[in-house]
Every structure is written in C-alpha cells, then in structure tokens.
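Trainee: One structure follows; several queries about it will come next.
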Amino acid sequence: MLKSALDLLPLVRSGTPVAAVTITRVSSSAPHGVGAAMAVTGDGAVVGSISGGCVEGEAVVLGRLAAVTGEARTARFGFDDATAHAAGLACGGQVEVVAHRIEPDDARTVRALEAAAADRAAALGIVVSGPDLGRVVDVDALRAGASLPGELSAALESSFVDRESVLLPGALDGADLLVLQHAPRARLILLGAGEHAAALCRVGAAAGFAVTVCDPWETLVTAERFPAADRLVTAMPAEYLASLAADDTDARTAVCVLTHDERLDVPAIRAALALPVGFVGALGARRTTAHRADLLRAAGVDDVDLARLHSPLGLDLGGTTPEETALSVLAEIIASRRGGSGMPLRETTGRIHRDPARPDAPACTTSTTTEGARS
C-alpha cells in the first residue's frame, strides 16, 4: 500500500472508495512477501499487484467488496506445484491477505501515504484478525510503550531498523497486527560521469535506486546526459563523499567508482570505505585492480577494508557494451544486498523466492472469511 502511495494518495484525497488488499502471510514460493499490496477502487480500478493469475482476479473482487461496503475481509489463496503455472503463482505457494477500506479522514493513514509519496520513511499498523479487523493502529505509540512481550517487541523494533513489513501474531489482545513499512529508496552513488555511469544511472533508477552522479567536470554532469539521476554533483569524488552527512548513507547505499583515473579513484575508494555503506565497487581490468590495491595499501587502507571492495566490479555476464556492463554491475549490487549467489537459477536448488515454507498449501483453492465491522 505504501509502495503505491504516489498513485493511491490522490484517490484517497478525492474521496474515491478504495481498499487495500495486503499480504499478511506467505508460504512456499509466492512472488511477493508480507506487506505487498494492491489497491482496488469501488469500480474495479487497480493500483499495484500481489501476484497475478487467478489470485489477482480474486483479490480484485475482495478489494471491491471492501471498498464499497467498508467491511474489512480476509482471504487465503493457495496453489500446489501442479497447478501453480495455470493459476498464476509461478512457483506455487500460498498467501493470506486482508482487504480494508482506506478512509480519507484517517489521519494516520494519510500521513503515512504522504511520507511514502515524498520518499520518506513511513510505518502503519493494521489489525488483521478479530473483531477490530481493519483498524489502523499507531505503531509509533506501540513501539514507545511497554505493552508487547519481549519477542514481539524485538520483532517490532527489528521491523523499524530494517524497514521491513512484519506480522506480529496476537500483539493486540490476541489479535494479529500487520506492521507496514516503507523505506526511502536506497542510494546509488556513481563517481564518474562517463558512458558506463550514464548506462548504470538508467538501469539503477529503473531498479528503484535514488541515483547520485558526481564528477569534477561540469560539462559531463548534466541533466541531458543523466535524466534519471536524482542528484547531480560537480565536485572531486573524494571531497563529495567526505561532505556527506551521517544520515546521507546507510547499509543499503552502494558506491561505484567509475572514474578510470587513479588520481581520482584511489582517494574516492578510501573515502567510500570509510562510510557506513553496504557496497563499494570500482571498475577496472585485473591489472588495474591489482595496481590500485597496492596504491590503496600505500595510502593506509588495510586488508580488512580492501576485502570489502568489489573490484573488478560486476558479475561475469560476458557483456561488452556500457549497457551490458551496467546490468552486470547492478546484478552484483543486488546479489550482494540480497544474499544471492549470482548463479543461474537452473544450477541452484531450493526455493526461488526466499519465503518461509508451509508445504500444506492446497491446490488452487481460495477461501474468503469476513470479519469486523463496517467503517
């Protein structure tokens, strides 16, 4: 729901009857995890997705009912591997969802949507079982209080630290609470403004990163060359990194050094490795990488920090063009961030989507349970 805030907020403000259908539980290999949502208006217009196939159709029906009646509803959609492809869940699995109407006078929901639409952190709690099904909860107040047992309190805190949605079973007088989280876009900082940077800016923005491009040459750092960039900076790369405030980067931030000039990239890599970022990479051939490592050691970078440097940068895709190189680099960033192997899926085993397994999912069945009072 919060992910679709830009499209959803105008509907809510206009008073259009609209409901959110949100995943509360996932088993096996469903394509989306807890917190994924679609919005459905009373006349059937749809924003977002929770899976596809017959799940999507059933979810639209569920959402329309909630939007029109104001009555929150829950449902379970399940598929076995034999029918998964025909049903629309490409890898089988089971999802449970809640549908609740979004009220335009619900200040908590509107504030959360406004924050998410502005690419700021946001959180929202929804009761997803019991007589208060669909009620919106102030999770900040819940977090500040001491009413949750230790395990649930720790799970709630972890949800805020990681900005990952979470289900808290029995958190509110025995009722389950779904905590929705929205994280600002992860940052991708590109140091250098050549053709590889231009290609990586495009694919990085398409993948959902907020892209910054920094280069000392003003003629290269232009909106015409980097229309997808969020920030364009004309500065020495190392000086720009040193100027960043403490909250400008985090563990989701990736820094890519693309300058191809050791006078720029060595100090830039040193500065990047000093930041609390999750990924630092540098383009370069193997000989360049080895020579640069010697220069970095001479500049005081120890082997522990050097081990954090992804260089040569990118996965081995065999590509040669800037665009193919950009895909290779982005693939390594995502694999590093998500714990992926970088191997072809046909050469791996186990579930493709990393969700908790419940092997008892029924074959292409849907069941709907209605609870709660009308809004």
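In terms of UniProt numbering, the sequence shown has 163 at position 163, counting the first letter as 1, and numbering is strictly consecutive. Idealized CB from N, CA, C, for every residue including glycine.
#1: Can you tell me where the alpha helix (DSSP H) holding I189 begins and where it ends?
#2: Does the ligand ZN have a heavy atom nearer than 7 Å to the CB of F77?
#3: Does the Cβ-Cβ distance between L232 and M1 come in under 8 Å?
#4: Go to L142, then tell me how far its alpha helix (DSSP H) extends in each direction, as first and last residue.
#5: Using a Cβ distance threshold of 8 Å, determine whether the region 238-253 contacts the region 172-187, with at least three qualifying pairs required.
#6: With H, G and I counted as helix, E and B as strand and the rest as coil, what does DSSP make of H291?
#7: Would you call V12 buried or exposed, if buried means 16 or more other Cβ atoms sit within 10 Å of its Cβ?
#8: Does DSSP classify D250 as helix, strand or coil?
#9: By the three-class DSSP mapping on this structure, what secondary structure does G125 have?
#10: Does the region 241-250 come within contact of the region 217-232, defined as at least 3 CB pairs closer than 8 Å?
#11: Please name the residue, chosen from T109, A67, A115, G130, that lies closest to A99 on a Cα-to-Cα basis.
#12: How about G33 and V26: do their beta carbons lie closer than 8 Å?
#13: Given a cut-off of 8 Å on the beta-carbon distance, is the pair S4 and G44 in contact?
#14: Can the beta-carbon of G319 be found less than 8 Å from the beta-carbon of T325?
#15: Please report the straight-line C-alpha distance between T348 and G340, rounded to a whole angstrom.
#16: What residue does the beta strand (DSSP E) around F279 start on, and which one ends it?
#17: How do the region 159-178 and the region 297-315 stand: do at least 3 beta-carbon pairs fall below 8 Å, yes or no?
Mentor: Straight from the coordinates:
#1: Taking the sequence shown and counting its residues from 1, the one referred to as residue 189 is at position 189. I189 -> not in any alpha helix (DSSP H); beta strand (DSSP E) instead, spanning 187-191.
#2: This structure lacks the ligand ZN; in fact it carries no ligand of any kind.
#3: On the sequence shown, residue 232 is found 232 positions in, with the first residue counted as 1. On the sequence shown, residue 1 is found 1 positions in, with the first residue counted as 1. No, they are not a contact pair.
#4: Stepping through the sequence shown from its first residue, residue 142 is reached at position 142. Per DSSP, L142 belongs to the alpha helix (DSSP H) from 139-144.
#5: yes
#6: Sequence index remark: in the sequence shown, residue 291 carries index 291 (1-based). If DSSP states are grouped into helix, strand and coil, H291 belongs with the helices.
#7: Working through the sequence shown from its first residue, we reach residue 12 at position 12. It is buried - the Cβ of V12 has at least 16 other Cβ atoms within 10 Å.
#8: For the purposes of this step, residue 250 is identified with residue 250 of the sequence shown, where counting begins at 1. Looking at D250 - three-state DSSP - the assignment turns out to be coil, as it is neither helix nor strand.
#9: In the sequence shown, counting from the first residue as 1, residue 125 sits at position 125. The answer is strand: DSSP assigns G125 an E or B state.
#10: With a cut-off of 8 Å, the region 217-232 and the region 241-250 do not count as touching, because too few Cβ pairs lie within range.
#11: Mapped onto the sequence shown, residue 99 falls at position 99. Checked all of T109, A67, A115, G130; the closest Cα to A99 is A67.
#12: Stepping through the sequence shown from its first residue, residue 33 is reached at position 33. Stepping through the sequence shown from its first residue, residue 26 is reached at position 26. Cβ distance < 8 Å, so G33 and V26 count as in contact.
#13: Mapped onto the sequence shown, residue 4 falls at position 4. Mapped onto the sequence shown, residue 44 falls at position 44. For S4 and G44, no; Cβs fall outside 8 Å.
#14: Locating residue 319 in the sequence shown gives position 319, counting from the first residue. Locating residue 325 in the sequence shown gives position 325, counting from the first residue. Note that the C-beta distance between G319 and T325 is below 8 Å.
#15: Locating residue 348 in the sequence shown gives position 348, counting from the first residue. Locating residue 340 in the sequence shown gives position 340, counting from the first residue. Between T348 and G340, the C-alpha separation is close to 11 Å.
#16: Residue 279 sits at position 279 when you count from the first residue of the sequence shown. Here the beta strand (DSSP E) through F279 covers 279-282.
#17: At 8 Å Cβ cutoff, the stretches do not touch.
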